[in-house]
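> Pasting a structure below so you can have a look.
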Amino acid sequence: MKSKIHRVKVTQAELNYVGSITIDEDLMDAANIIANEKVQIVNNNNGARLETYVIPGQRGTGIICLNGAAARLVQVGDIVIIISYATMDFEEAKQFKPSVIFPDDNNHLIQ
Numbered sequence: 009m010k011s012k013i014h015r016v017k018v019t020q021a022e023l024n025y026v027g028s029i030t031i032d033e034d035l036m037d038a039a040n041i042i043a044n045e046k047v048q049i050v051n052n053n054n055g056a057r058l059e060t061y062v063i064p065g066q067r068g069t070g071i072i073c074l075n076g077a078a079a080r081l082v083q084v085g086d087i088v089i090i091i092s093y094a095t096m097d098f099e100e101a102k103q104f105k106p107s108v109i110f111p112d113d114n115n116h117l118i119q
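Remember, the numbering used here sits 8 above the position in the sequence shown when you count from 1.
Structure follows, in structure tokens:
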């Protein structure tokens, strides 16, 4: 695991879009996630798991929007965990510290 945004609320689900997840750029920066990075989404409400890529969302909005086919696996208000992974040398992996953030109930960083 490279990065994790733990327990954020889905704010939008847009079926008629070309796929991805839109994430508030403040959350992306804090979790060390970049645009177009592959992520796994785990839905705490229904157990669904999916993989997609990240699109930056407007800063400070708390947006978490599942786009395209992924929108069928969530509902607005669901709680999800967003995880990214990285490949690295074994010795580097033993020392690596992932970026993990725990946003508040409105998907904003806790100060």
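For each residue, glycine too, the CB sits at the ideal point set by N, CA and C.
Do the segment 16-31 and the segment 93-107 make contact, defined as three or more Cβ pairs closer than 8 Å?
The answer is no - the segment 93-107 does not touch the segment 16-31, with fewer than three Cβ pairs under 8 Å.
> Report the residue from 77, 86, 82, 63 whose alpha carbon sits nearest the alpha carbon of residue 23.
Ranking 77, 86, 82, 63 by Cα distance to residue 23 puts 77 first.
> What did DSSP end up calling residue 21 once you bin it into helix, strand or coil?
Strand at residue 21.
> Within 10 Å of its beta-carbon, does residue 85 have 16 or more other beta-carbons around it, so buried, or fewer, so exposed?
Exposed: under 16 other Cβ atoms inside 10 Å.
> Could you check whether residue 49 and residue 90 sit closer than 8 Å to each other, using their CB atoms as the reference points?
Cβ atoms of residue 90 and residue 49: closer than 8 Å.
> Answer yes or no: do residue 62 and residue 18 have a C-beta to C-beta separation smaller than 8 Å?
Not closer than 8 Å, so no.
> Mapping the DSSP letters down to three states, classify residue 32 as helix, strand or coil.
Strand.
> Identify which residue in 12, 119, 88 has its Cα closest to the Cα of residue 55.
Looking at the Cα atoms, 88 is the closest of the given residues.
> Output yes or no for whether 8 Å exceeds the beta carbon distance between residue 47 and residue 111.
Not in contact: residue 47 and residue 111 (Cβ atoms no closer than 8 Å).
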